[in-house]
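Residue numbers (the working numbering), protein chains in the order written: chain E, 1 to 50; chain U, 1 to 243; chain F, 1 to 225; chain Y, 1 to 236.
Inspection log for the structure reproduced underneath, given as structure tokens.
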Amino acid sequence: MSNLGFLFAGFTVAWGLVFGYVWFLARRSQSLEARLDGLERRQRDNASAD
Amino acid sequence: MSTRPSRSDGLGSLAIVAFVLSAVSLGLTFLYAPTERVEGDIQRMLYLHVPAAFTMYVGYAVVFFASFMYLLRRESRWDELAASAAEVGTVFTSMMITTGPIWAKPVWGTYWTWDARLTSAFVLWLILIGYLMLRAYGGHAEQVARYCAVLAIIGFADLPIIHYSVQWWRTLHPDAKIMTEGSPGQGLESSMMITFAVAFAAALLTFTVLLKLRLRLERQNRRLDALQRELTRPSPVVLGSTN
Amino acid sequence: MRTLRAILTVVAKDMRGELRTKEALTSTVVFALLVLLVFNFGFEPGTRDVRLVGAGILWSALLFAAVLAMNRLLLNEREGGGLEGLMLTPLSRADLYVAKFITLLCILSLAATVTVLLFIVLYNVPIGDRLPLLATVVFAGMIGLSALGTTFATIAVRTRTREVMLPLLLIPLSVPLLIACVESTSAILAARDFADEAHWLRLIVAFDIVFLALGYATYPAILEE
Amino acid sequence: MPPAEPAALEVIDLGKSFGPAVALASVSCSVAPGEFVTLFGPNGAGKTTLIRIAATLARPTHGEVLLFGRDVRKAPELRRRIGVVSHRSFLYGELTARENLTFFGRLFDPVGAEERAIAAARAVGLEDRLDDSVRSFSRGLEQRCSIARALVHEPDMLLLDEPFAGLDPLAASNLETVLRGAHESGKTIIMTSHDLAQGALLAQRIGILHYGSLRYWGECPPDLQATFNACVGGPS
């Protein structure tokens with residue numbers, strides 16, 4: 001039955017959405033970490049400059 | 001202000017349970033549940049589609065409740081919850097709105113028709129997109145929180161009105177009632193019921209895990225924003241120092 | 001009594017400013033005229049066709065023109081710092097909603113009157129004695145659009161992408177109103193017995209009441225930090 | 001003056017924040033009736049937030065703000081007793097100065113609004129331009145009209161947020177005269193300024209805000225620049 005193709009597509013899309021979203025959250029988490037690193041460095045620089 | 005969320009908030013183990021349950025649900029869908037007589041194998045899509053739709057409504061309810069509480073209390077944690085639930089809710093709405101047409105093509109012979117349920121699902125999806133756009137472009141954080149809360153409350157009140165208007169619009173037309181969606185509940189075999197039950201549990205648990213993950217990210221983001229503002233505040237420029 | 005008087009003072013001020021510049025009114029009417037023109041190319045107009053697609057054409061023109069008017073109207077308020085000046089007066093924030101709603105309703109009703117007349121003339125609509133009924137539906141629809149429009153124009157005008165934001169927020173939420181307005185208008189245009197279609201008018205009225213009440217209740221949260 | 005008269009403005013442990021972002025940490029101060037106070041501080045120090053809360057435009061997250069002894073949140077009619085000037089004029093460009101002033105006057109009290117509008121215009125030296133539309137005004141004229149708008153309901157207190165910003169020297173000295181006149185007629189005046197010289201000229205008392213808290217509150221010190229630097233300069 002050709003229906004199986006549709007079925008497969010549907011489940012792929014659904015699971016893809018969830019994992020894609022998790023991946024997206026992980027990326028955002030990484031960018032937060034990068035910002036945090038930048039701030040920490042800046043803070044250290046300020047402290048040594050003063 | 002906000003306390004640091006402890007590392008052991010159980011999110012990791014909850015995520016594992018959600019994943020295992022989803023895998024079990026997948027197995028039940030393909031190996032355990034019987035093939036439906038009229039629609040054939042494609043009916044198995046409903047084990048995904050219906051729980052996704054239900055979870056979408058749960059998401060809507062959380063956004064509404066959190067928005068209402070935010071307007072009442074004006075505490076940013078309620079806004080964090082609303083923002084997170086709206087985004088995760090959009091994932092499930094997208095899931096519903098994509099699996100729907102894929103199921104419909106072989107059964108109805110067309111991907112899309114302006115049937116009552118499809119239309120209202122489409123409108124709900126658009127409202128969520130508007131909500132996320134407002135979040136992104138609404139101005140400073142506190143203003144966004146108020147605006148989004150108002151939008152969520154008005155949007156939630158609109159849900160039943162949209163539902164009934166679209167229903168009337170379609171069913172009162174002469175060319176209506178072309179098809180009714182494969183409605184679970186009518187003569188459902190017990191194996192189908194069990195599969196549905198597991199699928200619902202898996203979807204709701206996945207929603208919870210994603211929500212918690214997103215919420216944690218939102219909190220961290222806000223703390224970082226505040227920290228950045230503190231540290232990068234322009235050094236005081238003094239004018240009129242000729243005095 | 002005192003509140004009502006203050007609300008009417010604000011409305012009178014708004015209308016005076018609008019009648020002086022005529023910005024919202026002219027742009028709205030011209031825009032509606034353009035929509036009517038463009039749809040003319042899409043559908044070969046004839047008496048029979050108008051009964052089928054006329055309602056859709058009319059409401060497309062009314063809706064998009066209304067969005068334009070809302071953007072213009074609150075932009076005027078924004079220029080001078082806008083609503084904050086009014087927030088410093090004894091008027092409550094909820095009263096400001098009423099004032100802005102009435103102003104918007106006045107302008108939309110004026111624009112809608114012109115649009116409906118243009119529609120009837122340009123599309124040869126055999127409206128006859130059903131004109132008052134059509135006017136009722138259009139006015140009831142404008143109440144609903146103004147109720148939502150006041151809220152979302154106030155929000156949109158303070159966001160970064162206001163031209164897109166207003167229709168994006170307003171149109172999905174107005175879907176029930178639009179369906180009801182189009183359905184009852186096409187019943188009127190096709191000269192169907194309106195008694196069978198009265199549920200649409202009831203839906204419009206219910207929509208108006210619900211969103212006027214919600215707009216009134218939530219407006220303070222939009223204005224006050 | 002009876003001894004029990006409440007302070008014109010009483011701020012008690014005032015804070016304004018959104019989640020972890022803090023605009024005002026914890027500010028307490030008190031302004032006597034008839035006093036002229038200037039608030040200094042770098043950008044983002046919380047000056048505007050403080051003025052906006054006192055003007056009933058923003059709500060505090062915690063703490064209390066009393067105007068003439070009454071809570072600003074519970075008594076919106078207190079707006080009759082304050083006039084507010086911000087960097088935005090709150091005027092309608094397509095209307096004339098007279099129409100603008102009469103309109104705002106009427107919202108406070110319909111009786112005699114036109115007369116009060118003319119009186120307010122006279123107080124700021126705008127009587128010749130009453131029938132010109134506000135859109136045609138220069139920045140200085142617009143500012144004067146904005147002050148007339150704040151005076152039109154004869155308030156007891158004026159709150160001004162950076163009134164001198166963007167004014168040329170002539171307009172600034174005009175504004176100074178207007179403020180001195182308002183102060184001499186018994187009004188309490190609170191304004192913010194980032195210009196130490198200009199802000200200190202009329203002030204009887206000054207406050208210096210930094211990072212959302214009040215670092216200095218009292219009479220204007222002899223060397224304001226040094227005090228300011230000490231408050232905002234080094235690491236806290």
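Ideal Cβ placement from N, Cα and C applies to all residues, glycine included.
It should be emphasised that the depicted structure is a prediction, and the values quoted were computed from it without experimental measurement.
Asked                                                                                                                                                                             : Found
Could you tell me whether the Cβ of E230 of chain U comes closer than 8 Å to any Cβ of chain F?                                                                                   : no
Does the stretch 62-79 of chain Y come close enough to the stretch 121-141 of chain Y to have 3 or more Cβ pairs within less than 8 Å?                                            : no
By the DSSP assignment, the beta strand (DSSP E) with K187 of chain Y in it spans what residues?                                                                                  : First-last for K187 of chain Y: undefined, no H or E at that position.
Expressed to the nearest angstrom, what Euclidean distance is found between the alpha-carbon atoms of Q313 of chain Y and L196 of chain Y?                                        : This structure leaves residue 313 of chain Y out entirely; chain Y is present only between 1 and 236.
Taking a cut of 8 Å between CB atoms, which residues from the stretch 74-97 of chain U lie near chain F?                                                                          : none
In or out: Q43 of chain E buried (at least 16 other Cβ within 10 Å) or exposed?                                                                                                   : exposed
With a cut-off of 8 Å, do at least 3 Cβ pairs link the stretch 180-195 of chain F to the stretch 144-160 of chain Y?                                                              : no
If we require 4 or more residues per run, which alpha helix (DSSP H) segments fall completely within the stretch 32-103 of chain U?                                               : 46-73
Can you tell me whether DSSP reads C29 of chain Y as helix, strand or coil?                                                                                                       : strand
Go ahead and pull the three-state DSSP assignment for L158 of chain U.                                                                                                            : The residue you asked about is not Leu; residue 158 of chain U is Asp in the sequence shown. It is helical.
Please list the residues of the stretch 6-37 of chain E that have a C-beta atom closer than 7 Å to any C-beta atom in chain U, keeping them in chain order.                       : F6, L7, A9, G10, F11, V13, A14, L17, V18, Y21, L25, R28, S29, L32, R35, L36
Report all residues from its chain with a CB closer than 7 Å to the CB of A147 of chain F; omit the five preceding and five following residues, and keep chain order.             : F101, D208, F211, L212, G215
For R146 of chain U, decide whether its Cβ has a neighbour in chain F, counting only Cβ atoms nearer than 8 Å.                                                                    : yes
Please determine, among U:L227, U:Q43, U:L210, U:S76, the residue with the shortest C-alpha to C-alpha distance to I16 of chain U.                                                : U:L210
Note down the Cα distance separating E84 of chain F from V50 of chain U, rounded to an integer number of angstroms.                                                               : 47 Å
Check the DSSP bridge columns for A249 of chain Y and list the partner residues they point to.                                                                                    : Given a span of 1 to 236 for chain Y in the structure shown, any question on residue 249 of chain Y remains unanswerable.
Taking C-beta to C-beta, are R70 of chain Y and L78 of chain Y nearer than 8 Å?                                                                                                   : yes
The alpha helix (DSSP H) that contains S213 of chain Y, what's its start and end?                                                                                                 : Where S213 of chain Y is concerned, there is no enclosing alpha helix (DSSP H), although the beta strand (DSSP E) it sits in stretches over 213-218.
When the cut-off is 8 Å and only beta carbons count, does W112 of chain U lie next to chain F?                                                                                    : no
Got a sec: which bits of the stretch 38-49 of chain E sit with their beta carbon under 8 Å from any beta carbon on chain U, in order along the chain?                             : L39, R42, Q43, N46
To the nearest angstrom, report how far apart W114 of chain U and Q167 of chain U are at their CA atoms.                                                                          : 11 Å
Using three-state DSSP, classify G128 of chain F as helix, strand or coil.                                                                                                        : helix
Within this structure, are the beta carbons of I154 of chain U and T161 of chain F separated by less than 8 Å?                                                                    : no
Would you say L83 of chain F lies against chain U (beta-carbon separation less than 8 Å)?                                                                                         : no
Cβ of A248 of chain U within 8 Å of Cβ of A66 of chain U?                                                                                                                         : Lying before the first or after the last residue shown, residue 248 of chain U is absent from chain U, which here runs from 1 to 243.
Excluding the five sequence neighbours on either side, which residues of its own chain have a C-beta within less than 8 Å of the C-beta of V72 of chain Y, listed in chain order? : I53, A54, T56, V65, L66, L78
Is there at least one Cβ from chain F nearer than 8 Å to D158 of chain U's Cβ?                                                                                                    : yes
So which residues of chain U does P169 of chain Y contact, with C-beta pairs closer than 7 Å?                                                                                     : What P169 of chain Y touches in chain U: nothing, since even the nearest Cβ is about 12 Å away.
What whole-angstrom Cβ distance do G212 of chain Y and A23 of chain Y have, given they're in contact under 8 Å?                                                                   : 6 Å
Can you tell me which residues form a DSSP beta bridge with M165 of chain F?                                                                                                      : Paired residues: none, contrary to the question.
Can you check the stretch 16-95 of chain F for any beta strand (DSSP E) of at least 3 residues that lies completely inside it and give the ranges in chain order?                 : none
Can you check whether the C-beta of R81 of chain Y is within less than 8 Å of a C-beta belonging to chain F?                                                                      : no
Quick one, which of Y:S17, Y:N43, Y:L9, Y:V27 has its alpha-carbon nearest V232 of chain Y's?                                                                                     : Y:N43
Checking contacts by CB at 8 Å: is R106 of chain Y closer than that to chain F?                                                                                                   : yes
To which residues of the same chain is S184 of chain F closer than 7 Å at the C-beta, ignoring the five residues directly before and after it?                                    : V137, E197, W200, L201
The alpha helix (DSSP H) with G83 of chain Y in it runs from where to where?                                                                                                      : Counting along the chain, G83 of chain Y falls outside any alpha helix (DSSP H), though it belongs to the beta strand (DSSP E) covering 82-85.
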